[in-house]
Amino acid sequence: MRLAGLISPRLRRAGWFLLVLFLLVMPAPAQQPGTALPSVNISVGGGTEAGSVSAMIQIVVVMTLLTLAPSIIMLMTSFTRIVIVLGFVRSAIGVQAAPSNQVIIGLSLFLTLFIMAPVGTRMNDEALKPYLAKQITTEQAFERASGPLRQFMVKQTHTAEIDFFLVLSGRGPTKIDNVPLTVIAPAFIVSELRTAFQMGFLVFIPFLVIDFLVASTLMSMGMMMMPPVMISLPFKLLLFVLVDGWHLVVRSLVESFTL
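Set out below in structure tokens:
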């Protein structure tokens with residue numbers, strides 16, 4: 017029997033169709049006019065002028081700020097407190113995968129944008145717009161931009177943390193206006209961790225009560241082999257929904273920042 021007789025008619029038609037399609041597509045690149053790629057020239061010389069050196073320094077500063085942007089967003093804004101408290105809420109309820117980490121981080125970012133909007137508006141009006149209009153220098157723009165962010169961090173930082181880092185840095189007690197940003201930033205981060213853990217403790221209390229009640233009920237009924245988590249989880253979810261838990265958590269987080 018010949019090989020052609022083993023090929024089904026449907027497979028043969030599919031092969032002819034692919035062959036015709038291949039022949040139709042192949043000439044297409046040859047019919048298109050050639051597109052000239054733009055030439056890019058990067059020159060290193062000629063940087064002895066003051067303007068070129070200043071422009072290069074500005075580029076280095078901008079690239080450095082872009083590199084540090086994720087750390088600034090995470091540690092020098094309200095993001096740290098929000099993401100930790102939301103993580104405690106998930107752990108207190110007892111569900112490890114709902115909401116997922118992506119949802120918690122996304123919600124934390126949008127709440128951070130909502131809370132930090134007044135600070136961002138001040139930084140834009142006082143630093144970015146005058147700098148783009150060439151009314152102030154780069155140093156003045158950086159100083160003006162750090163002012164609103166500094167005020168925000170000082171308001172949210174406990175005095176004990178600032179004094180602690182002043183002692184660690186070898187500086188004595190001083191006015192808050194004279195405290196450098198290198199001291200305020202770590203003090204703010206530690207203060208945010210402290211506040212987030214305090215809020216997390218308050219979140220855990222009602223769910224711990226449910227766990228105790230369910231565990232004691234199962235023991236009194238002699239059902240010690242049944243895991244209490246399986247019984248308490250629906251009651252935790254029911255309680256969280258009935259009290260409108262997400263509104264309470266988000267409201268508490270937003271109101272905890274005194275702008």
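Note that the working numbering has the sequence shown beginning at 17, numbered continuously upward. We put the beta carbon where it would ideally sit given N, CA and C, even for glycine. No experiment lies behind these values; they were computed from the predicted model shown.
Presumed contact (8 Å Cβ cut-off) between residue i and residue j, rounded CB distance
i, j, result
"residue 173", "residue 204", "5 Å"
"residue 1", "residue 212", "Missing from the structure shown is residue 1; the chain here goes from 17 to 275 and no further."
"residue 123", "residue 102", "7 Å"
"residue 143", "residue 160", "4 Å"
"residue 251", "residue 221", "In fact, because the Cβ distance is near 15 Å, the residues do not count as touching under 8 Å."
"residue 253", "residue 98", "In fact, because the Cβ distance is near 22 Å, the residues do not count as touching under 8 Å."
"residue 200", "residue 170", "6 Å"
"residue 223", "residue 108", "4 Å"
"residue 280", "residue 247", "Because the chain is modelled from 17 through 275, residue 280 falls outside the range shown and cannot be assessed."
Buried or exposed by the 16-neighbour rule on C-beta atoms within 10 Å, applied to residue i
i, result
"residue 218", "exposed"
"residue 244", "buried"
"residue 165", "buried"
"residue 241", "exposed"
"residue 133", "exposed"
"residue 236", "exposed"
"residue 183", "exposed"
"residue 81", "exposed"
"residue 195", "buried"
"residue 62", "Low confidence applies to residue 62: its pLDDT is 49, below 50, so where it sits in the model is not reliable, and the reading given next is rough at best. Exposed."
Span of the alpha helix (DSSP H), counted from its first residue to its last, around residue i
i, result
"residue 119", "117-139"
"residue 145", "145-148"
"residue 173", "Premise fails: residue 173 is in no alpha helix (DSSP H) and is neither H nor E."
"residue 196", "Here residue 196 belongs to no alpha helix (DSSP H), and DSSP marks it neither H nor E."
"residue 250", "244-258"
"residue 268", "261-271"
"residue 107", "95-109"
Best match in the options for proximity to residue i [C-alpha to C-alpha]
i, options, result
"residue 112", "257, 260, 139 and 249", "249"
"residue 210", "261, 177, 194 and 189", "177"
"residue 216", "229, 104 and 231", "104"
"residue 206", "162, 91 and 75", "91"
"residue 261", "202, 106 and 75", "106"
"residue 127", "202, 214, 89 and 85", "89"
Alpha carbon of residue i to alpha carbon of residue j, nearest angstrom
i, j, result
"residue 258", "residue 140", "41 Å"
"residue 192", "residue 110", "42 Å"
"residue 48", "residue 125", "In this prediction, residue 48 has a pLDDT of 48, which is less than 50 and means its spatial position is unreliable; what the coordinates show is noted afterwards. Those two C-alpha atoms are separated by around 46 Å."
"residue 186", "residue 180", "10 Å"
"residue 147", "residue 157", "6 Å"
"residue 72", "residue 79", "11 Å"
"residue 273", "residue 239", "46 Å"
"residue 135", "residue 168", "8 Å"
"residue 264", "residue 208", "19 Å"
"residue 330", "residue 83", "Outside the displayed span of the chain (17 to 275) sits residue 330, for which this structure offers no information."
"residue 267", "residue 120", "16 Å"
"residue 118", "residue 87", "18 Å"
"residue 229", "residue 137", "49 Å"
"residue 155", "residue 189", "27 Å"
"residue 232", "residue 116", "31 Å"
"residue 152", "residue 214", "43 Å"
"residue 145", "residue 75", "18 Å"
"residue 271", "residue 197", "25 Å"
"residue 202", "residue 162", "15 Å"
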